[in-house]
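So for the sequence shown, the numbering used here puts the first residue at 526; every next one is plus one. Cβ atoms here follow ideal geometry from the backbone N, Cα and C, with glycine treated the same way. Input: a single structure, listed below in structure tokens.
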Amino acid sequence: MDLSRMNLRLNPYGLLTLLSIIFFTKLTGASENRPDKVLELTSDNYDESTKNYQIVVLNFYADWCPYSARWKPVFQDTAKHIYNETISYDPSTIVFGQVNCEVQTTLAQRFRITKFPTTKLTLNGKPCKKEYRGARNADAFKDYIKKFLVDPLIYINNGLDLSSKIEERKGAVIMYSGRADEHDKPKESAELQTLRRVASQLREDCQFVYVLNNAAGSKVTPPDMYTLTFKPHHKGLDQEIPYKSSLTDFVSLSHWAKENCIPLVREITFENAEELTEEGLPFVILFYDSNDKSWIEVYKRVVEHELSEESSRVTFLFADGHLFSHPLKHLGKTVKDLPLVAIDSFKHLFLYKQPVASISQPGKLKQFIADLHSGKLDREFHFGPDPDSPSSQTSPPESAFNKLGPSAYRYSLLMPRDEL
């Protein structure tokens, strides 16, 4: 603004006018790039329209879908609320967009949309693995979005409080700071910024903790240096796994955090069953007795030592047999028969026929999975045992977990569950 060209007198009224102009200029300048509505996104404008935003919230819909019709006004109302509430934020913080999947089929395929409506987020240009599956009302959705607008890091002043501050059910990435100039709040650094970027991507899978000023009880950290570790869930701080690469290398740190935060073997519950089922990979499941969890560690060791390369073809899970008693009934078993191992292909449920203790023998569980891939398990279901198979082989029951996928009472599905 060129004040020399403005014919304003420096009297109280002129000064008031000047301040008003400056304030208005700042206000409009700060909001000129801020969206005020839900963007209609296409294959042609998606990248250009979203590239400058940290958070992109996407509603994939179809006009013919009744669930989409009911969700659309809630989505739009939430967008308006968040835009108004984040007026003090950087305009590039968040944008809401919608995609008409009937018209924008290429964009729908890019995001692997198989049902309507589907609500996804991208953070710093990368799609979140998890989508929104909560209640379809404005309050629940607003609360969900607001979680992404706050700092993903937990700050702790006293390392002695670490154990009480960390949830045991989740793993934790912990950065110990050796900076002596940190007191009540951290000092910004390249290391801290990199950690925050990684945390924003994985906040739903892990806890990210920053311990200030090498606080008492924390890891010994050299002055002005940082130490980064991962604490597995349900394990003590004495079992932390150190990170040994550059703390400012986002790619390296992100890869390391994903490997630790998203375990090779996961627990299936009724809360995450829909999400796991929608990944579309056959389940290899250990059904365990909640009164004896030792088999979980045995199973994890076998998978980690022998079967990590199978993680792109099957999903390794463990399930509380008391909670998931229905699949046991499909197998003709009860909780008295636990532990058991089975494969659910989303068509059939195949029982591991050998004693469960034999999974510790090299190659045993690997062969069971290989028989799934080769079609042997399915072939024996349709045509009887192969000549070299035990005569006790029986026909497998139908899948028990395909019914836990996305419900036709909540979504319009693009394909039958067993085709995923």
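Going by DSSP, THR802 is part of the alpha helix (DSSP H) stretching over 798–803.
Each of LYS645, ALA660, ASP709 was checked against the Cα of LYS654, and the nearest Cα belongs to LYS645. PHE795 and GLY659 have their C-alpha atoms roughly 13 angstroms apart. In the structure shown, the three-state DSSP call for SER815 is coil. In the structure shown, the three-state DSSP call for ASN649 is coil. If you look at ILE670, you'll find it in the alpha helix (DSSP H) that goes 663–672.
For GLN623, the uninterrupted beta strand (DSSP E) segment begins and ends at 619–625.
Bridge pairing for ALA933: absent [DSSP]. Per DSSP, the beta-bridge partners of TYR701 are VAL736, THR752. Listed in chain order, the non-local C-beta contacts of GLY888 below 8 angstroms within the same chain comprise GLU831, local neighbours out to five positions each way being set aside. Counting every other CB atom within 10 Å of its CB across the protein chains shown gives GLY930 a total of 16 or more, marking it as buried.
Fewer than three pairs of CB atoms, one per stretch, sit closer than 8 angstroms, so the region 759–771 makes no contact with the region 795–804. Under the three-state reduction of DSSP output, LYS640 falls in the strand class.
In the DSSP assignment, LEU687 falls outside any beta strand (DSSP E) and within the unbroken alpha helix (DSSP H) covering 687–690.
THR840 is bridged by DSSP to PHE808. Linking LEU856 to LEU863 through their CA atoms gives a straight-line distance of about 12 angstroms. If only uninterrupted beta strand (DSSP E) runs of at least 3 residues are considered, those enclosed by the region 816–899 are 840–845, 865–869, 874–876. Per DSSP, the unbroken beta strand (DSSP E) holding ASN584 starts and ends at 580–586. The alpha-carbon separation between PHE871 and PRO807 amounts to approximately 7 angstroms. One Cα belongs to LYS562, the other to LYS818, and the distance between them is close to 51 angstroms. Following the DSSP letters along the chain, one finds ILE607 inside the alpha helix (DSSP H) bounded by residues 591–610.
TRP820 has its alpha-carbon roughly 36 angstroms from the corresponding atom of PHE673.
In the structure shown, TYR571 adopts helical secondary structure according to DSSP, grouped into three states. Beta-carbon to beta-carbon, SER593 and PHE641 are separated by about 5 angstroms, close enough to satisfy the 8 angstroms threshold.
Taken through DSSP and simplified to helix, strand or coil, LEU789 comes out as coil.
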